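If you read the protein sequences in the order shown, they are chains A and B.
Heads up, the first sequence stops at 416 in this note's numbering, and the numbers go up one at a time, no gaps.
Heads up, the second sequence stops at 416 in this note's numbering, and the numbers go up one at a time, no gaps.
Just so you know, even glycine gets a beta-carbon here, dropped at the ideal spot from N, CA and C.
Computed from a prediction, not measured in an experiment: that's the story for all the values here.
This report concerns only the one structure given below.
Protein chains: 2
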Amino acid sequence: MKGLKGALMFAQSGGPTSVINASAAGVFIEGLNSDEITAVYGAAHGIRGILEEEFYDMSKEDIKELELLKTTPSSALGSVRYKLKDASVDDTDYKRLLEVFKKYDVRYFFYNGGNDSMDTCNKISKYMAKSGYEINVIGVPKTIDNDLFGTDHCPGFASAAKYIATSIMEINLDAKVYDTPMVCVVEAMGRNAGWLTASAALAGAKGLGADLIYLPEIDFSIEKFVKDVQDVCAKNGNKCIAVVSEGIHDANGKLICEVLGQTGARDSFGHAQLGGVGIQLASLIREKTGFKTRGIELSLMQRCGAHCASLTDIEETFGAGREAVKAAVAGETDKMVCYARKEGDKYECEYKLLPLELAANTEKTVPLEWITNNGTGISDEFVKYAMPLIQGETNLPKEDGLPRFAKLKKVLVTKK
Amino acid sequence: MKGLKGALMFAQSGGPTSVINASAAGVFIEGLNSDEITAVYGAAHGIRGILEEEFYDMSKEDIKELELLKTTPSSALGSVRYKLKDASVDDTDYKRLLEVFKKYDVRYFFYNGGNDSMDTCNKISKYMAKSGYEINVIGVPKTIDNDLFGTDHCPGFASAAKYIATSIMEINLDAKVYDTPMVCVVEAMGRNAGWLTASAALAGAKGLGADLIYLPEIDFSIEKFVKDVQDVCAKNGNKCIAVVSEGIHDANGKLICEVLGQTGARDSFGHAQLGGVGIQLASLIREKTGFKTRGIELSLMQRCGAHCASLTDIEETFGAGREAVKAAVAGETDKMVCYARKEGDKYECEYKLLPLELAANTEKTVPLEWITNNGTGISDEFVKYAMPLIQGETNLPKEDGLPRFAKLKKVLVTKK
Chain A
1 MKGLKGALMF AQSGGPTSVI NASAAGVFIE GLNSDEITAV YGAAHGIRGI LEEEFYDMSK
61 EDIKELELLK TTPSSALGSV RYKLKDASVD DTDYKRLLEV FKKYDVRYFF YNGGNDSMDT
121 CNKISKYMAK SGYEINVIGV PKTIDNDLFG TDHCPGFASA AKYIATSIME INLDAKVYDT
181 PMVCVVEAMG RNAGWLTASA ALAGAKGLGA DLIYLPEIDF SIEKFVKDVQ DVCAKNGNKC
241 IAVVSEGIHD ANGKLICEVL GQTGARDSFG HAQLGGVGIQ LASLIREKTG FKTRGIELSL
301 MQRCGAHCAS LTDIEETFGA GREAVKAAVA GETDKMVCYA RKEGDKYECE YKLLPLELAA
361 NTEKTVPLEW ITNNGTGISD EFVKYAMPLI QGETNLPKED GLPRFAKLKK VLVTKK
Chain B
1 MKGLKGALMF AQSGGPTSVI NASAAGVFIE GLNSDEITAV YGAAHGIRGI LEEEFYDMSK
61 EDIKELELLK TTPSSALGSV RYKLKDASVD DTDYKRLLEV FKKYDVRYFF YNGGNDSMDT
121 CNKISKYMAK SGYEINVIGV PKTIDNDLFG TDHCPGFASA AKYIATSIME INLDAKVYDT
181 PMVCVVEAMG RNAGWLTASA ALAGAKGLGA DLIYLPEIDF SIEKFVKDVQ DVCAKNGNKC
241 IAVVSEGIHD ANGKLICEVL GQTGARDSFG HAQLGGVGIQ LASLIREKTG FKTRGIELSL
301 MQRCGAHCAS LTDIEETFGA GREAVKAAVA GETDKMVCYA RKEGDKYECE YKLLPLELAA
361 NTEKTVPLEW ITNNGTGISD EFVKYAMPLI QGETNLPKED GLPRFAKLKK VLVTKK
């Protein structure tokens, strides 16, 4: 509803990204400048901070540090993995949230997260409406996985994609340096959606990509993989770079890391090897070919490598936070902020609002028609889609040659 | 000897670094501008390219691309791992080198590499002198390991250190984001010398470092490690970040990755786990504590992450290449270019020359007095030593938001 006056509560959830705090900065800065908003709170560790009345008074922070949040990775307020039950089954948490919202006169609630968090946000919004408590609730998306429905892309994806593409270009140069065989298997995140793995194609567009790219959208066959690698090696002076998603699975849906963990890629000591599937597959290729191999897991770095973030992503993500506050103050509720790409050759993006229930729990995967070369390649459509998103370099300030990340005071609000 | 006129041959060897090509750029650009130098050749894959008469005519390259070598990682000419035999045992290769040098009138030879390469360079220099063939031979150091004797630091170390410190700061923020236990074990390169692993202390100086740092200079005890982690967790809300060198070993000198591979850290499927020792140790901690853990191998990225290179390193490394040519033209031979740090508070570095036989095959490790806290910490002396080296950001040009690395034509010299 419009004309609401009261406090703002913002919470972060799920796995962090390089730019998640840019949305926090947007919400805080817009909130602190709004006449309708009487206080700006940031919940410690997501929904848990609200349930336990642990939240910070963001007006106590130095504005310079809030600005630095734009270029500071990981969730500055702390994150949480906590799924609210259905209110119809158990409404204990919802009652408690309502109690806290009432106690601190919270009239604006912003939840920053991925699929599950949009579901949480939706449930809270519905419960508050049913209870007759006036509050505007807006979801702010974030996920490197880029799998949220209804938005052209997700805040955080582009920076991870830029990190992955940059690293693959560098790995490409490094892995091909000797005149001896070398197979490199790089593993990117993404359990069900292959957007991050597909980002290897951006490196490919610059001539320094991967020879083979495997997404979880397509069933993975270990036998075919070995043959694919051998075919590339035969053509390519026994050099091959493959990129796989952590979530690749066989035709029965079983994760390849589990298949290999149980049936046994064996290392030079004769032991079954586990860990990232990239490392397992590299070990398997070594066993099958005798070639030198290397498995590389891009691990946490791909989601926290803020020093390599996309300026486009930072600015859009900051804008998403501001837009959420503007929309809520204008009376919107029960919505998620989305990105809509404008038609035309030049990349432009605008914000739109989507009902939360549409955003929640629907995973958007890479279109199958973008997966080419018998499941080992990515089409130019993907490159055309993703390349504009990684443009621009972070303006992350440095101190002594190292990142100067935001330092928040985190002044807890006194419990009432 | 002085006043030599003839061709220049440059070759790269050993593991690449983020800035190794900066020395190549320095040698080529200085060589192309020298009146004494009649041709500038770059050997394909190090010494092998000379033995097989496969080398490129660098005068055919666009000067802009040669300049881009400064910010292009990995060995642009290709590298090789080839150790020359002692000439007294088998002088076949030496005879062949001499033959090729004569055929192409090579009077200046520059070899760019680490310990082994300086040994190779030294052997070649001695053989040529003994044969009475007039040639000036200069070694250009490179190694991320920073373990070359006689130089304050090694070209390439600082950029790897900057990458590691930056990544650890980012991992620190990411790994501590939840309100649940988390132990992260990060593995850096360095088999015998712990310089790279010690770089985690640079992140520590910014308040976002590791709780525990283990170098190969000190015998590693698995039992002590588990206790160290448990102690940190007890004090620290069950959060701990440890950084280990790939080369950590027990009191008998046995690598920990072998100890764990054979006696069995077991993963959730009950299988012995191999791969990086960081991943093994993370798995061990999970087994002992039940905590969530993550093993992270910085892998090739630490040595090829040119997007995060140190400008100081780039400039010094470029200068080392130029200095090598200047020294050779001035009549120096059988030397390696070294860095000498000037006394005083402000960091300044100058080039010196060291006899090759002193540089070859002596490993410089981290001084034991810089290792503190019962083998788990690094002293401020290290930070004071290393911090000046990582200053300044690379001016690596971008194209479409991705690195624009050098593209060489690689025009092979026609075999005579």
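Buried or exposed by the 16-neighbour rule on C-beta atoms within 10 Å, applied to residue i
i: Met118/A; result: buried
i: Gln262/B; result: Unreliable positioning characterises Gln262/B in this predicted model, as indicated by a pLDDT of 48, which lies under 50. The coordinate reading is nonetheless provided below. Classification of Gln262/B: exposed, given that the 10 Å Cβ count is below 16.
i: Glu246/A; result: buried
i: Thr120/A; result: buried
i: Met1/B; result: exposed
i: Asp145/B; result: buried
i: Thr417/A; result: Because chain A in this structure spans residues 1 to 416, residue 417/A falls outside the shown range and cannot be described.
i: Glu170/B; result: buried
i: Ser59/B; result: exposed
i: Gly15/A; result: buried
i: Leu284/B; result: buried
i: Thr92/A; result: exposed
i: Pro423/A; result: Only positions 1 to 416 of chain A appear in this structure, which leaves residue 423/A out of reach.
i: Lys251/B; result: Looking at the sequence shown, residue 251/B is not Lys but Ala. Burial call: exposed.
i: Val89/A; result: exposed
i: Ala431/A; result: Since the displayed chain A opens at 1 and closes at 416, residue 431/A lies outside it and no answer follows.
i: Ala340/B; result: exposed
i: Glu61/A; result: buried
i: Leu84/B; result: buried
i: Asn115/A; result: buried
i: Gly321/B; result: buried
For residue i, the nearest candidate out of the options (CA to CA)
i: Leu173/A; options: Thr17/B, Pro388/B and Val100/B; result: Thr17/B
i: Ile138/B; options: Tyr94/B, Lys352/B, His153/B and Val366/B; result: Lys352/B
i: Thr414/B; options: Thr72/B, Lys103/B and Leu32/B; result: Lys103/B
i: Val19/B; options: Ser199/B, Leu396/B and Leu8/B; result: Leu396/B
i: Gly305/B; options: Trp195/B, Lys130/B, Glu287/B and Thr166/B; result: Thr166/B
i: Lys416/A; options: Thr312/A, Gly344/A and Val100/A; result: Val100/A
i: Glu67/B; options: Leu4/B, Glu315/B, Gly290/B and Ala324/B; result: Glu315/B
i: Gly156/B; options: Arg107/B, Tyr178/B and Lys70/B; result: Lys70/B
i: Glu134/A; options: Gly331/A, Glu297/A, Gln302/A and Glu65/A; result: Gly331/A
Beta-bridge pairing of residue i - partner residues as DSSP gives them
i: Lys335/B; result: Ile138/B and Pro355/B
i: Glu350/A; result: Ala340/A
i: Leu402/A; result: Glu399/A
Enclosing beta strand (DSSP E) for residue i [first to last residue]
i: Val325/A; result: Run containing Val325/A: none in the beta strand (DSSP E); it sits in the alpha helix (DSSP H), Leu311 to Val329.
i: Asn112/B; result: Val106 to Gly113
i: Phe55/B; result: Phe55 to Asp57
i: Ile296/B; result: Thr293 to Glu297
Range of the contiguous alpha helix (DSSP H) that encloses residue i
i: Met189/B; result: Segment: none, Met189/B is in no alpha helix (DSSP H) and carries neither H nor E.
i: Met301/A; result: Met301 to Cys304
i: Gly42/A; result: Note, Gly42/A: premise wrong, no alpha helix (DSSP H); beta strand (DSSP E) at Ile37 to Ala43.
i: Leu196/A; result: Trp195 to Ala198
i: Ile218/B; result: Premise fails: Ile218/B is in no alpha helix (DSSP H) and is neither H nor E.
i: Leu8/B; result: From DSSP, Leu8/B is part of no alpha helix (DSSP H) but of the beta strand (DSSP E) over Gly6 to Gln12.
i: Ile285/B; result: Val277 to Thr289
i: Gly261/B; result: Ile256 to Thr263
i: Ala242/B; result: Per DSSP, Ala242/B belongs to no alpha helix (DSSP H); it is in the beta strand (DSSP E), Lys239 to Ser245.
i: Tyr385/A; result: Asp380 to Ala386
i: Thr180/A; result: First-last for Thr180/A: undefined, no H or E at that position.
i: Asp93/B; result: Thr92 to Lys103
i: Glu65/A; result: Ile63 to Leu68
Under 7 Å by beta carbon: chain E residues contacting residue i
i: Asp179/A; result: Going by chain labels, chain E is absent from the structure shown, which instead holds the protein chains A and B.
Residue i Cβ short of 7 Å to the ligand NAP heavy atom set
i: Ile50/A; result: With respect to the ligand NAP, the structure shown offers nothing to examine, as it has no ligands at all.
Please list, in chain order, the residues of the segment 340-361 of chain A that have any C-beta partner in chain B closer than 9 Å.
Against chain B - using a Cβ distance shorter than 9 Å - the segment 340-361 of chain A contributes no residues.
For the segment 152-168 of chain B, list every residue whose C-beta sits within 7 Å of some C-beta in chain A, in sequence order.
Cβ contacts with chain A come from Lys162, Ala165, Thr166 and Ser167.
Just by C-beta distance, which residues in the segment 293-306 of chain A are closer than 9 Å to chain B?
Arg294, Gly295, Ile296, Glu297, Leu298, Ser299, Leu300, Met301, Arg303, Cys304, Gly305 and Ala306
Closer than 9 Å, Cβ to Cβ, to anything on chain A: give me those residues from the segment 398-412 of chain B, in chain order.
Lys398, Glu399, Asp400, Gly401, Leu402, Pro403, Arg404, Phe405 and Lys407
At a Cβ cut of 8 Å, what residues of the segment 223-256 of chain B count as close to chain A, listed as they run along the chain?
Hits within the stretch: zero.
Between the segment 187-219 of chain A and chain B, which residues of the former have CB atoms less than 9 Å from a CB of the latter, in chain order?
Leu202, Ala203, Ala205, Lys206, Gly207 and Leu208
Please identify, using Cβ separations under 8 Å, the residues of the segment 362-396 of chain B that lie next to chain A, in order along the chain.
Met387, Ile390, Gln391, Gly392 and Glu393
Contact residues within the segment 109-142 of chain B, judged by C-beta distance below 9 Å to chain A:
none
Please list the residues of the segment 324-338 of chain B that have a C-beta atom closer than 9 Å to any C-beta atom in chain A, keeping them in chain order.
none
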